[in-house]
Amino acid sequence: MTAIAPLPQHLLGHRIRLDPLTEQDLPALHAAIGRPEIFADGYGGGAANYHADLPSFTEWARGYYPWRVGLPFVVRVLDGPDDGHVIGTSSLTDFELHKERLHLGWTAYHPHVWGTSVNAETKLLLLSLAFDHGFGRVRIQADARNEHSRRAILKLGATFEGISRRDQPRADGSWRDAAIFSIVADDWPRVRAGLQARVDAAPAEPITLSGPAA
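Here it is in C-alpha coordinates:
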(Lines of atoms letter the chains of each structure in order from A; the text may use other names.)
(Lines give C-alpha, C1' and ligand atoms only; values in the text may rest on other atoms or scores of the structure.)
Protein backbone atom coordinates (compact mmCIF):
# COMPACT_ATOMS: atom_id res chain seq x y z
CA MET A 17 0.00 0.00 0.00
CA THR A 18 1.19 3.50 -0.82
CA ALA A 19 0.28 6.29 1.57
CA ILE A 20 -1.81 9.21 0.36
CA ALA A 21 -0.81 12.78 1.15
CA PRO A 22 -3.61 14.40 3.17
CA LEU A 23 -5.13 17.60 1.84
CA PRO A 24 -5.40 20.78 3.93
CA GLN A 25 -8.41 20.41 6.19
CA HIS A 26 -9.95 21.44 9.49
CA LEU A 27 -9.61 18.96 12.37
CA LEU A 28 -12.17 19.16 15.15
CA GLY A 29 -11.34 17.87 18.61
CA HIS A 30 -13.02 18.01 22.01
CA ARG A 31 -11.42 21.19 23.38
CA ILE A 32 -9.38 22.39 20.40
CA ARG A 33 -9.58 22.62 16.66
CA LEU A 34 -6.79 22.62 14.10
CA ASP A 35 -7.02 24.85 11.04
CA PRO A 36 -4.57 25.15 8.15
CA LEU A 37 -2.06 27.87 9.06
CA THR A 38 -2.30 30.99 6.90
CA GLU A 39 -0.30 34.18 6.88
CA GLN A 40 -3.34 35.94 8.34
CA ASP A 41 -2.88 33.81 11.47
CA LEU A 42 0.67 35.01 12.12
CA PRO A 43 -0.20 37.99 14.37
CA ALA A 44 -2.24 35.71 16.64
CA LEU A 45 0.43 33.01 16.51
CA HIS A 46 3.07 35.57 17.44
CA ALA A 47 0.98 36.59 20.45
CA ALA A 48 0.81 32.93 21.53
CA ILE A 49 4.36 31.69 20.94
CA GLY A 50 6.48 34.78 20.33
CA ARG A 51 8.01 34.38 23.79
CA PRO A 52 11.66 33.97 24.79
CA GLU A 53 11.00 30.96 27.01
CA ILE A 54 9.74 29.00 23.98
CA PHE A 55 12.76 29.72 21.79
CA ALA A 56 15.22 29.33 24.66
CA ASP A 57 14.66 25.55 24.62
CA GLY A 58 15.59 25.26 20.94
CA TYR A 59 12.32 25.90 19.12
CA GLY A 60 12.72 27.41 15.68
CA GLY A 61 16.50 27.17 15.76
CA GLY A 62 16.94 28.48 19.27
CA ALA A 63 17.06 31.76 21.15
CA ALA A 64 18.79 33.62 18.31
CA ASN A 65 15.60 33.20 16.25
CA TYR A 66 13.34 34.76 18.90
CA HIS A 67 11.61 37.81 17.43
CA ALA A 68 9.80 40.10 19.84
CA ASP A 69 8.27 42.27 17.11
CA LEU A 70 5.62 41.04 14.67
CA PRO A 71 7.32 42.10 11.39
CA SER A 72 10.48 40.14 12.23
CA PHE A 73 8.46 37.15 13.45
CA THR A 74 6.40 37.19 10.26
CA GLU A 75 9.49 37.19 8.07
CA TRP A 76 10.98 34.34 10.09
CA ALA A 77 7.73 32.32 10.01
CA ARG A 78 7.51 32.61 6.22
CA GLY A 79 10.77 30.72 5.97
CA TYR A 80 10.37 28.35 8.90
CA TYR A 81 7.00 26.64 8.55
CA PRO A 82 6.55 24.02 5.78
CA TRP A 83 4.02 26.03 3.79
CA ARG A 84 4.76 24.47 0.39
CA VAL A 85 5.90 20.98 1.28
CA GLY A 86 3.69 20.08 4.22
CA LEU A 87 0.59 20.85 6.24
CA PRO A 88 1.19 23.47 8.93
CA PHE A 89 -1.72 23.90 11.32
CA VAL A 90 -2.71 26.50 13.87
CA VAL A 91 -4.22 25.24 17.14
CA ARG A 92 -7.27 27.13 18.44
CA VAL A 93 -9.42 26.98 21.54
CA LEU A 94 -12.80 25.39 20.89
CA ASP A 95 -15.81 26.91 22.66
CA GLY A 96 -15.90 29.00 25.82
CA PRO A 97 -14.93 32.66 26.24
CA ASP A 98 -11.68 32.18 24.28
CA ASP A 99 -13.27 30.30 21.38
CA GLY A 100 -11.07 30.65 18.29
CA HIS A 101 -8.09 32.00 20.22
CA VAL A 102 -4.79 30.76 18.80
CA ILE A 103 -2.76 28.79 21.35
CA GLY A 104 -0.16 27.08 19.19
CA THR A 105 0.92 25.35 16.01
CA SER A 106 2.03 21.94 14.72
CA SER A 107 2.80 20.51 11.27
CA LEU A 108 2.95 17.37 9.17
CA THR A 109 5.58 17.32 6.42
CA ASP A 110 8.35 15.32 4.70
CA PHE A 111 5.76 13.07 3.07
CA GLU A 112 7.42 9.98 1.56
CA LEU A 113 4.44 8.17 0.11
CA HIS A 114 6.08 4.98 -1.16
CA LYS A 115 7.98 4.56 2.10
CA GLU A 116 4.80 5.45 4.03
CA ARG A 117 6.54 7.85 6.38
CA LEU A 118 6.33 11.50 7.39
CA HIS A 119 7.55 13.96 9.99
CA LEU A 120 5.39 15.54 12.71
CA GLY A 121 6.92 18.66 14.21
CA TRP A 122 7.19 22.46 14.34
CA THR A 123 5.09 22.28 17.51
CA ALA A 124 4.84 25.10 20.03
CA TYR A 125 2.14 26.28 22.43
CA HIS A 126 1.28 29.25 24.59
CA PRO A 127 2.97 28.55 27.96
CA HIS A 128 -0.42 28.71 29.68
CA VAL A 129 -1.39 25.36 28.14
CA TRP A 130 1.88 23.54 28.84
CA GLY A 131 1.20 20.39 30.83
CA THR A 132 -2.48 20.26 29.84
CA SER A 133 -4.29 17.94 27.43
CA VAL A 134 -3.72 20.31 24.50
CA ASN A 135 -0.63 18.54 23.16
CA ALA A 136 -2.22 15.12 23.58
CA GLU A 137 -5.31 16.20 21.65
CA THR A 138 -3.29 17.95 18.95
CA LYS A 139 -1.18 14.85 18.42
CA LEU A 140 -4.24 12.58 18.50
CA LEU A 141 -5.78 14.58 15.65
CA LEU A 142 -2.58 14.74 13.58
CA LEU A 143 -1.55 11.13 14.13
CA SER A 144 -5.07 9.98 13.24
CA LEU A 145 -4.82 11.96 10.01
CA ALA A 146 -1.45 10.36 9.21
CA PHE A 147 -2.36 6.75 9.92
CA ASP A 148 -5.80 7.10 8.30
CA HIS A 149 -3.98 8.08 5.09
CA GLY A 150 -1.87 4.94 5.08
CA PHE A 151 1.34 6.16 6.68
CA GLY A 152 3.18 3.54 8.67
CA ARG A 153 5.84 5.62 10.40
CA VAL A 154 5.72 9.07 11.97
CA ARG A 155 9.01 10.67 12.99
CA ILE A 156 9.10 13.20 15.80
CA GLN A 157 12.32 14.89 16.87
CA ALA A 158 13.65 17.57 19.17
CA ASP A 159 16.87 19.33 19.97
CA ALA A 160 18.72 16.83 22.15
CA ARG A 161 19.17 19.56 24.79
CA ASN A 162 15.43 20.27 24.97
CA GLU A 163 14.40 18.09 27.90
CA HIS A 164 10.91 19.65 28.02
CA SER A 165 10.12 18.57 24.45
CA ARG A 166 11.74 15.17 24.87
CA ARG A 167 9.59 14.40 27.91
CA ALA A 168 6.46 15.54 26.07
CA ILE A 169 7.26 13.28 23.10
CA LEU A 170 7.85 10.26 25.31
CA LYS A 171 4.58 10.98 27.10
CA LEU A 172 2.79 10.58 23.75
CA GLY A 173 3.92 6.97 23.67
CA ALA A 174 6.62 7.45 21.03
CA THR A 175 9.73 5.28 20.99
CA PHE A 176 13.13 6.91 21.42
CA GLU A 177 15.41 5.71 18.62
CA GLY A 178 18.61 7.56 19.40
CA ILE A 179 20.57 10.74 18.74
CA SER A 180 21.33 12.04 15.26
CA ARG A 181 24.56 13.94 15.84
CA ARG A 182 25.23 17.31 14.19
CA ASP A 183 21.79 17.12 12.66
CA GLN A 184 21.28 20.77 11.71
CA PRO A 185 22.57 24.24 12.55
CA ARG A 186 21.01 26.42 15.21
CA ALA A 187 20.35 30.09 14.57
CA ASP A 188 23.44 31.06 16.58
CA GLY A 189 25.71 29.03 14.29
CA SER A 190 26.21 26.08 16.63
CA TRP A 191 25.12 22.60 15.56
CA ARG A 192 22.37 20.71 17.29
CA ASP A 193 22.11 17.00 17.93
CA ALA A 194 18.57 15.71 17.35
CA ALA A 195 16.75 13.25 19.60
CA ILE A 196 14.79 11.00 17.22
CA PHE A 197 11.50 9.34 18.15
CA SER A 198 8.94 7.39 16.15
CA ILE A 199 5.43 6.00 16.23
CA VAL A 200 4.79 3.19 13.75
CA ALA A 201 1.58 1.54 12.63
CA ASP A 202 1.96 -1.35 15.09
CA ASP A 203 2.24 1.17 17.93
CA TRP A 204 -0.76 3.20 16.88
CA PRO A 205 -3.58 1.31 18.70
CA ARG A 206 -1.68 1.61 21.99
CA VAL A 207 -0.68 5.23 21.42
CA ARG A 208 -4.17 6.21 20.29
CA ALA A 209 -5.74 4.64 23.39
CA GLY A 210 -3.29 6.46 25.64
CA LEU A 211 -3.86 9.82 24.01
CA GLN A 212 -7.63 9.36 24.05
CA ALA A 213 -7.50 8.52 27.75
CA ARG A 214 -5.59 11.74 28.44
CA VAL A 215 -8.12 13.75 26.45
CA ASP A 216 -11.05 12.06 28.20
CA ALA A 217 -9.50 12.76 31.62
CA ALA A 218 -9.17 16.49 30.94
CA PRO A 219 -11.61 18.92 32.60
CA ALA A 220 -14.90 19.27 30.76
CA GLU A 221 -14.72 23.07 30.80
CA PRO A 222 -13.37 24.87 27.72
CA ILE A 223 -9.76 26.03 27.77
CA THR A 224 -9.29 29.60 28.95
CA LEU A 225 -6.20 31.78 28.84
CA SER A 226 -6.98 33.66 32.04
CA GLY A 227 -6.56 32.23 35.50
CA PRO A 228 -4.97 28.84 36.24
CA ALA A 229 -4.18 26.58 33.30
CA ALA A 230 -6.85 23.94 32.79
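Per this note's numbering, residue 17 is the first one in the sequence shown, and the count goes up by one each step. Here a beta-carbon is modelled for each residue, glycine too, at the ideal position from N, C-alpha and C.
Residue from the options whose Cα sits closest to the Cα of residue i
i, options, result
"L27", "A77, R186, Y66 and L87", "L87"
"G100", "A136, V215 and D41", "D41"
"T132", "K171, E39 and Q157", "K171"
"A174", "L37, E53, I156 and Y59", "I156"
"S106", "S190, A220, E116 and N135", "N135"
"E53", "H164, D188 and P219", "H164"
"H46", "E177, L70 and E116", "L70"
"L211", "F176, K115, A220 and K139", "K139"
"L63", "G189, A220, A218 and A213", "A small fix is needed here, since residue 63 is Ala in this sequence, not Leu. Nearest C-alpha to A63: G189."
C-beta contact flag for residue i and residue j at 7 Å
i, j, result
"H128", "L34", "no"
"G159", "R182", "Residue identity differs from the one stated: residue 159 is Asp in this sequence, not Gly. No. Outside cutoff."
"I49", "A124", "yes"
"I1", "R31", "Any answer about residue 1 is impossible in this case: the structure gives the chain only from 17 up to 230."
"A152", "A209", "According to the sequence provided, residue 152 is Gly. The question's Ala does not apply to it. Cβ atoms of G152 and A209: not closer than 7 Å."
"A187", "G61", "yes"
"F89", "L37", "yes"
"A19", "E116", "yes"
Presumed contact (8 Å Cβ cut-off) between residue i and residue j, rounded CB distance
i, j, result
"G104", "V85", "Actually they are not in contact, since the Cβ atoms of G104 and V85 sit about 21 Å apart, beyond 8 Å."
"L108", "A146", "6 Å"
"V207", "L143", "7 Å"
"R161", "G58", "6 Å"
"A168", "V102", "Rounded, the Cβ-Cβ distance is 19 Å, inconsistent with contact."
"P82", "W122", "7 Å"
Neighbourhood of residue i by C-beta, 8 Å cutoff - its chain only, sequence neighbours within 5 removed
i, result
"A21", "F111, L113 and H149"
"I179", "A160, D193, A194, A195 and I196"
"I95", "Per the sequence shown, the amino acid found at residue 95 is Asp instead of Ile. R31 and P222, listed in sequence order."
"E177", "I196, F197 and S198"
DSSP beta-bridge partners of residue i
i, result
"L108", "L87 and L120"
"A194", "D159 and S180"
"P127", "According to DSSP, which records beta bridges pairwise, P127 is partnered with nothing at all."
"V153", "Correcting the residue type first, residue 153 is Arg in the shown sequence and not Val. For R153, which the question treats as bridged, DSSP gives the partners R117 and V200."
"V93", "I32"
"L27", "L34"
"P43", "For P43, which the question treats as bridged, DSSP gives no partner whatsoever."
"T175", "S198"
"V102", "R92"
"F71", "Checking the sequence, you will find Pro at residue 71 rather than Phe. Its beta-bridge partners do not exist; DSSP assigns none."
"P185", "W191"
Own chain, CB closer than 6 Å to residue i, minus 5 neighbours either side, in chain order
i, result
"D216", "none"
"G29", "E137 and L141"
"D203", "none"
"P185", "W191"
"A218", "S133"
Beta-carbon contacts of residue i that lie in its chain and below 7 Å, excluding the five residues immediately before and after
i, result
"R51", "P127"
"P228", "Here the model assigns P228 a pLDDT of 45, short of 50, so the residue's position is not dependable and the matter cannot be decided."
"H67", "G50, F73 and W76"
"V93", "I32, D99, G100, H101, I103, P222 and I223"
"R214", "S133 and A136"
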